[in-house]
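Following: one structure in structure tokens, then a few remarks.
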Amino acid sequence: MTRLSHLRLIQFRAAYNLPVHAAVEHGIFAKYGLEIEVAYTPGSDYLIEALQTGKCEIAHPAADDVVAAVENEPHKNNPEADLFLFMGLHSGLLSLVAAPEYPDVESLREKLLGVDSRRTGFVFLLEKFLRSMGFGPEDYSLVEIGGWEFRYRALLDKKIAATLLTSPFVADALASGCHLLAHGEEILPVYQATCGAARRAWARDHSEILVRYIRAYIAATRWCFDPSNRRACLDLLKNHSGLDGKRAENTLATLLEPDRGLYPDAQLNIPGLAAVLALRAEMDHLKPPLPPAEKYIDLSYYQRALGAR
47 MTRLSHLRLI
57 QFRAAYNLPV
67 HAAVEHGIFA
77 KYGLEIEVAY
87 TPGSDYLIEA
97 LQTGKCEIAH
107 PAADDVVAAV
117 ENEPHKNNPE
127 ADLFLFMGLH
137 SGLLSLVAAP
147 EYPDVESLRE
157 KLLGVDSRRT
167 GFVFLLEKFL
177 RSMGFGPEDY
187 SLVEIGGWEF
197 RYRALLDKKI
207 AATLLTSPFV
217 ADALASGCHL
227 LAHGEEILPV
237 YQATCGAARR
247 AWARDHSEIL
257 VRYIRAYIAA
267 TRWCFDPSNR
277 RACLDLLKNH
287 SGLDGKRAEN
297 TLATLLEPDR
307 GLYPDAQLNI
317 PGLAAVLALR
327 AEMDHLKPPL
337 PPAEKYIDLS
347 YYQRALGAR
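Going by the working numbering, the first residue of the sequence shown is number 47, and it counts up by one from there.
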């Protein structure tokens, strides 16, 4: 029997991990000679550190997390810590959700809002939305809480007034009386959210393994889009996200929605990445002139993966 290549993947807990669960449990990773050890991160800072220090070979962070890591001064001259994006997962799949006491955006004035990090990720989407609604920086406060599930718990525990959430946490929050205030695409219609990321040095030394990972992930995503696998996808959502019945059906429909769901071929959204850079600059976290998106990506592995599966 051929020995499987072992990879450590770190990701956030979210329903959009469906292709990973499918690839693990339905033998897709194994078909491509891979054995995947999945770890879950408490937040973006932990994920980036795990990737930079070699605790994990592959990560699924927000594109902005990798941009921030590349621009971080202590790591600029350390090629071993240099990260890059090699594929895209989706454009957001997130919503602004408020606690039961706050039925609309205006009620969030002078309230505490939960974020993963104040320096990276989706915090800039939240702040852009608030600015568009007439809020100034003095009209709200941000508190770092961590990943999706931690912010969800803080929302239900009334520690924060609102936060950005993804499935399955959106449906769970709404079932508890919370309010849906906005979808991510209403804030920024073109955006690259979660991506596949790795260290450049590791990828150069293990290019064949990375190519197999991309091929397996694309195959798993297409497997999820195959109508004949619908029942199996619903079972995966139940087992890994605690969703069943109508909640599972609605979540799967969102994940497979052409305009706002998973990317069927896991291709990086280059205009979406350009929007990430523009938003980071708008929020004074990237100095002009804006670097090209190519600074943060290497599509050669993805292109090789498309060559033969």
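Backbone N, C-alpha and C fix where the C-beta goes; we use that ideal spot for every residue, glycine too.
query                                                                                                                        : result
Proximity winner among PHE58, ALA207, GLU340, ILE233, relative to SER187 (alpha-carbon distances)                            : ALA207
LEU50 burial status per 10 Å Cβ neighbour count (16 or more: buried)                                                         : exposed
Integer-rounded CB distance, given that ALA321 should sit under 8 Å from VAL236                                              : 5 Å
Integer Cβ distance of VAL112 from TYR309, believed to fall under 8 Å                                                        : Actually they are not in contact, since the Cβ atoms of VAL112 and TYR309 sit about 17 Å apart, beyond 8 Å.
Whole-Å CB distance - GLY138 paired with GLU231, under 8 Å assumed                                                           : 6 Å
Min CB distance HIS225 to chain B below 7 Å                                                                                  : Within the model displayed, chain B is absent; a lone protein chain is all it includes.
Alpha-carbon spacing of GLU147 relative to ARG155, whole angstroms                                                           : 13 Å
For VAL189, the residue or residues it bridges with in DSSP                                                                  : GLY160
Per-residue DSSP class, three states only, for THR87                                                                         : coil
Beta-carbon proximity check, TYR347 vs LEU256, cutoff 7 Å                                                                    : yes
Those residues which DSSP pairs with ILE82 across a bridge                                                                   : LEU53
Candidates MET133, ALA278, GLU81, of which the one nearest ASP311 by Cα                                                      : MET133
Chain-order list of residues whose beta-carbon lies under 8 Å from that of LEU302 (same chain, five-residue window excluded) : CYS270, PHE271, LEU308
C-beta contact flag for LEU323 and PHE170 at 7 Å                                                                             : no
Neighbourhood of HIS225 by C-beta distance below 6 Å, restricted to the same chain and skipping five residues each side      : ALA144, PRO149
DSSP state of ILE104 mapped onto helix, strand, coil                                                                         : strand
Backbone secondary structure at ALA61 - three-state DSSP                                                                     : helix
Where the beta strand (DSSP E) through LEU302 begins and ends                                                                : Premise fails: LEU302 is in no beta strand (DSSP E) and is neither H nor E.
Cross-strand partners of PHE370 (DSSP beta bridge)                                                                           : Outside the displayed range of the chain (47 to 355) lies residue 370, so it cannot be described from this structure.
Three-state secondary structure (DSSP) of ILE206                                                                             : coil
HIS286, DSSP secondary structure in three states                                                                             : helix
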